[in-house]
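Enquirer: Residue numbers (the working numbering), protein chains in the order written: chain A, 530 to 941; chain B, 530 to 941. Starting off with a structure, shown below.
What follows is the structure, encoded as structure tokens:
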């Protein structure tokens with residue numbers, strides 16, 4: 530089967546945003562074994578959208594649109610697709626109730642234009658949107674499958690995974706199962722070099738390397754008639770990858786480093802507190818991205834000013850005066866200090882220069898010291914990144930989590 | 530003039546990479562006042578590429594391709610475009626010399642397939658590639674302009690800026706200027722309802738509404754012969770929008786709420802400290818996303834555990850026992866407490882239930898209290914969001930910044 534992607538949004542044509550939805554969906558279609566020959570972006574213009582849809586209809590089995598489902602005048606995707614495929618529109622009462630409920634819950638009046646979001650092609654499969662107000666939908670007409678998803682990635686991403694992928698999987702037949710081997714401490718190209726021979730010789734399951742900010746993963750995908758048959762194909766390959774990559778593998782099919790660290794702390798009955806300077810709260814934010822983190826996370830201190838390092842965390846003024854705030858000594862005092870101040874079993878300290886300003890010859894932009902304190906011991910790492918403020922901070926926060934995983938958990 | 534973008538690369542159709550070249554080029558074309566109605570992605574397949582190019586030729590004045598200029602067999606962009614436009618190919622000796630020189634400089638033999646990169650449409654304008662081996666080029670045929678650039682962003686980006694933009698600037702004439710009116714406290718549909726009549730009646734400048742997480746903006750775009758003429762068209766429209774939207778406008782052409790708040794604090798010589806419970810460090814992270822924030826930001830405390838609220842921030846146990854941690858009283862004590870503990874002029878307290886667990890009938894998931902303490906006064910807001918953990922936290926952090934903007938800055 531062939532699918533074609535159509536993104537509807539003038540903001541993409543103006544270059545205001547990049548079409549990440551296309552990547553998400555293309556990758557998913559690739560996993561499902563559905564070919565994509567064309568992706569198109571068109572603006573919020575009914576004539577041009579109609580033209581693009583007609584072209585896609587003539588060359589693809591599946592048309593997937595993103596964007597243009599919202600309440601405003603220039604949101605025209607549903608109306609245009611319905612017209613091309615001769616569908617009538619109907620009010621979908623459950624969706625309207627949902628939208629009304631949303632506005633009630635935030636104590637705001639629902640403007641009349643919001644009702645438009647609940648008008649969908651009659652008889653379609655509705656994709657409930659739990660991440661925004663505009664539902665998505667799917668219908669079949671003239672032997673073609675049409676799927677429509679909202680444009681904002683925070684809505685499109687979960688709806689693709691949870692609504693559209695299962696819908697398409699049912700069409701595609703057979704079964705596809707993937708495992709993600711998550712890695713920290715090894716770059717993508719190094720990982721690929723280690724896995725090169727395996728990758729070359731693998732057809733089912735396939736092995737594909739991916740990079741994420743400051744980490745990477747290997748995705749192993751098997752196709753078979755049943756989930757059990759997929760699992761049987763996957764297990765030995767995943768085991769071999771884990772053996773080749775060793776301690777740099779932090780988990781298989783886990784969500785994130787913060788999830789793995791949280792689970793490990795909970796299992797061991799340990800509590801955590803963090804002290805951050807250059808990461809400015811990012812590590813604390815990531816730890817608290819995980820629901821239920823109050824089981825093990827007590828809290829954190831962002832000590833941007835040195836007075837907070839000394840006053841709240843007990844970093845010694847003498848240390849700041851002699852070796853400076855960006856030093857292993859200060860990272861260690863922050864880690865032990867925040868554990869003491871908040872009464873935690875494990876403490877983290879991060880101090881560095883995120884940039885773009887503030888660097889010197891001795892202490893350049895991108896230099897960060899990260900320390901974990903646990904049971905009277907310090908585990909400290911020096912890190913240097915040259916990839917800009919956001920990535921320096923992200924990598925420093927990941928390194929802190931990785932230090933906990935490698936040292937606190939391995940000790941038990 | 531109308532331009533159309535064609536990206537050539539199977540790796541985009543597989544979702545291995547995202548088409549950032551399209552954003553780069555679209556943004557540049559927007560600046561040049563050249564309309565983009567379509568972007569297309571097609572794989573390394575000569576028939577499909579030819580089809581896409583023929584379609585583009587019939588509806589655009591300018592065709593810009595990215596990708597497919599390399600040495601391998603599936604790099605077919607130049608050959609296909611030349612064929613569609615009836616151009617012959619010719620060896621471009623300076624490009625061949627350049628490629629040979631590159632291989633000499635890295636002490637590697639040049640494989641014969643690399644010579645292919647020096648074959649270009651006869652008589653074209655050559656875009657020298659100083660960032661890789663494959664040159665780009667431009668030619669005019671049948672009244673259309675064709676430009677070809679390499680695909681890798683590290684090559685495409687500088688060649689777009691330094692070769693293609695100047696080439697097009699000479700063709701385009703005129704100019705386009707946009708203003709973004711940034712809004713917090715009003716949903717996109719409400720904003721559009723207020724601006725509806727203006728939007729309907731506007732052709733130059735145009736007005737378009739956009740939504741971002743927990744905020745929205747109106748983009749006003751004018752076309753004219755000169756930047757000054759664009760400005761003259763924009764100014765009265767932007768003023769009218771600001772007047773209609775009132776205090777919900779937090780800035781025009783500003784980066785973010787955190788930037789506006791940071792600038793306001795710096796101008797007034799005020800310092801800031803924040804205490805976060807459910808946002809878990811997100812507000813602190815956003816404040817420190819802004820380079821130079823150490824001018825006004827002292828730091829923060831993430832008081833996830835109640836013991837941290839009492840111990841570090843001085844929240845009263847009695848208050849926690851009687852009204853609970855999620856209450857306006859605790860938000861206010863956190864705000865005043867963190868300002869006192871860190872010695873800041875302005876304090877923020879955030880307490881709430883981000884979910885998915887932890888809600889009750891009285892205090893449902895998504896309920897957050899946010900308080901700003903300044904000069905002995907509390908400014909406190911109750912917020913309720915039903916959009917999931919991430920957006921609850923994002924909106925709570927934005928609300929805190931908005932409270933500072935509206936109350937601390939307006940007092941002066």
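All C-beta atoms, glycine included, are put in the ideal place defined by N, C-alpha and C.
Would you call the CB atoms of residue 689 of chain A and residue 678 of chain A closer than 8 Å?
Expert: Taking a C-beta distance under 8 Å as the contact criterion, residue 689 of chain A and residue 678 of chain A qualify as a contact pair.
Enquirer: Going by Cα to Cα distance, which pick from A/543, A/881, A/904 is closest to residue 928 of chain A?
Expert: A/881
Enquirer: Residue 719 of chain B by DSSP, collapsed to three states: which one?
Expert: helix
Enquirer: Note down, in chain order, every chain A residue with its Cβ under 7 Å from the Cβ of residue 885 of chain B.
Expert: 820
Enquirer: Is the shortest distance between the beta-carbon of residue 814 of chain A and the beta-carbons of chain B less than 8 Å?
Expert: Residue 814 of chain A belongs to the set of residues whose beta carbon lies under 8 Å from a beta carbon in chain B.
Enquirer: Just reading off the alpha helix (DSSP H) that residue 696 of chain A is part of, what are its end residues?
Expert: 694-701
Enquirer: Near residue 827 of chain A, what residues of its chain come up, given a Cβ to Cβ distance below 6 Å and the 5 sequence neighbours on each side ignored?
Expert: 800, 802, 871, 873
Enquirer: Can you tell me where the beta strand (DSSP E) with residue 709 of chain B in it begins and where it stops?
Expert: 704-712
Enquirer: Could you tell me whether the Cβ of residue 696 of chain B comes closer than 8 Å to any Cβ of chain A?
Expert: no
Enquirer: Report the rounded CA-to-CA distance for residue 816 of chain B versus residue 725 of chain B, giving the unit in angstroms.
Expert: Between residue 816 of chain B and residue 725 of chain B, the C-alpha separation is close to 34 Å.
Enquirer: Using the beta-carbon count (16 or more within 10 Å), is residue 708 of chain B buried or exposed?
Expert: buried
Enquirer: Which class does residue 662 of chain A belong to by DSSP, given the choice of helix, strand or coil?
Expert: coil
Enquirer: Assuming residue 894 of chain B and residue 885 of chain B form a contact by the criterion Cβ under 8 Å, report the distance between their Cβ atoms to the nearest whole angstrom.
Expert: Under the criterion of beta carbons closer than 8 Å, residue 894 of chain B and residue 885 of chain B qualify as touching, at roughly 7 Å.
Enquirer: For the segment 589-601 of chain B and the segment 566-578 of chain A, state whether three or more C-beta atom pairs, one from each stretch, are separated by less than 8 Å.
Expert: no
Enquirer: Write down the C-beta distance between residue 544 of chain A and residue 553 of chain B rounded to the nearest angstrom, noting that I regard them as a contact closer than 8 Å.
Expert: Confirmed, Cβ separation roughly 7 Å.
Enquirer: I'd like to know whether the C-beta atoms of residue 566 of chain A and residue 542 of chain B end up nearer to each other than 8 Å.
Expert: Taking 8 Å as the Cβ cut-off, residue 566 of chain A and residue 542 of chain B qualify as a contacting pair.
Enquirer: Restricting to runs no shorter than 3 residues, where is the beta strand (DSSP E) found entirely within the segment 708-796 of chain A?
Expert: 735-741, 744-753, 778-781
Enquirer: Taking the alpha-carbon of residue 535 of chain A as reference, which of A/561, A/583, A/559 has the nearest alpha-carbon?
Expert: A/583
Enquirer: Residue 881 of chain B versus chain A: which residues are under 9 Å apart at the beta carbon?
Expert: What residue 881 of chain B touches in chain A: nothing, since even the nearest Cβ is about 12 Å away.
Enquirer: Report the three-state DSSP secondary structure of residue 535 of chain B (helix, strand or coil).
Expert: strand
Enquirer: Against chain B, which members of the segment 820-848 of chain A pass a CB distance test of less than 9 Å?
Expert: Answer set for the segment 820-848 of chain A: 820, 821, 822, 823, 826, 827, 828, 829, 830, 831, 832, 833, 834, 836, 837, 838, 840, 841.
Enquirer: Let's test the definition: count the other Cβ atoms within 10 Å of the Cβ of residue 918 of chain B and tell me whether it reaches 16, buried, or not, exposed.
Expert: Of the residues assessed, residue 918 of chain B falls on the buried side of the cut-off, its CB having 16 or more other CB atoms within 10 angstroms.
Enquirer: Determine which residues of the segment 734-747 of chain B have a Cβ less than 8 Å from any Cβ of chain A, and write them out in chain order.
Expert: Residues 737, 738, 739, 740, 742.
Enquirer: Nearest CA to the CA of residue 756 of chain A: which residue from A/702, A/713, A/780?
Expert: A/702
Enquirer: With three or more beta-carbon pairs closer than 8 Å as the criterion, would you say the segment 596-605 of chain B touches the segment 605-624 of chain A?
Expert: With a cut-off of 8 Å, the segment 605-624 of chain A and the segment 596-605 of chain B do not count as touching, because too few Cβ pairs lie within range.
Enquirer: Taking residue 866 of chain A and residue 844 of chain A to be in contact with their CB atoms under 8 Å, please state how far apart those CB atoms are, rounded to whole angstroms.
Expert: 6 Å
Enquirer: Residue 592 of chain A CB to nearest chain B CB: under 8 Å?
Expert: So no, residue 592 of chain A is outside the interface.
Enquirer: Can you tell me which residues form a DSSP beta bridge with residue 618 of chain A?
Expert: A/650
Enquirer: Residue 617 of chain B: which of B/649, B/598, B/631, B/627 sits nearest, CA to CA?
Expert: That would be B/649, whose Cα lies nearest to the Cα of residue 617 of chain B.
Enquirer: Give the list of continuous alpha helix (DSSP H) stretches no shorter than 4 residues that lie fully inside the segment 579-648 of chain A.
Expert: 606-613, 622-634
Enquirer: Could you tell me the distance, in whole angstroms, from the CA atom of residue 621 of chain B to the CA atom of residue 632 of chain B?
Expert: Whole-angstrom Cα-Cα distance: 17 Å.
Enquirer: Just to make sure I have the definition right: I need the residues of chain B whose C-beta is within less than 7 Å of the C-beta of residue 660 of chain A. Which are they?
Expert: 916, 917
Enquirer: By how many angstroms is the C-alpha of residue 647 of chain A removed from the C-alpha of residue 639 of chain A?
Expert: Going by the C-alpha atoms only, they are around 13 Å apart.
Enquirer: Applying a beta-carbon distance threshold of less than 8 Å, which residues of chain B neighbour residue 556 of chain A?
Expert: Close to residue 556 of chain A, with beta-carbon spacing below 8 Å, are these residues of chain B in chain order: 543, 544, 545.
Enquirer: Does residue 732 of chain A pass the burial test, meaning 16 or more other C-beta atoms within 10 Å, or should it be called exposed?
Expert: exposed
Enquirer: Can you list the residues of chain B that residue 683 of chain A reaches, using a CB-CB cut of under 8 Å?
Expert: 742, 919, 920
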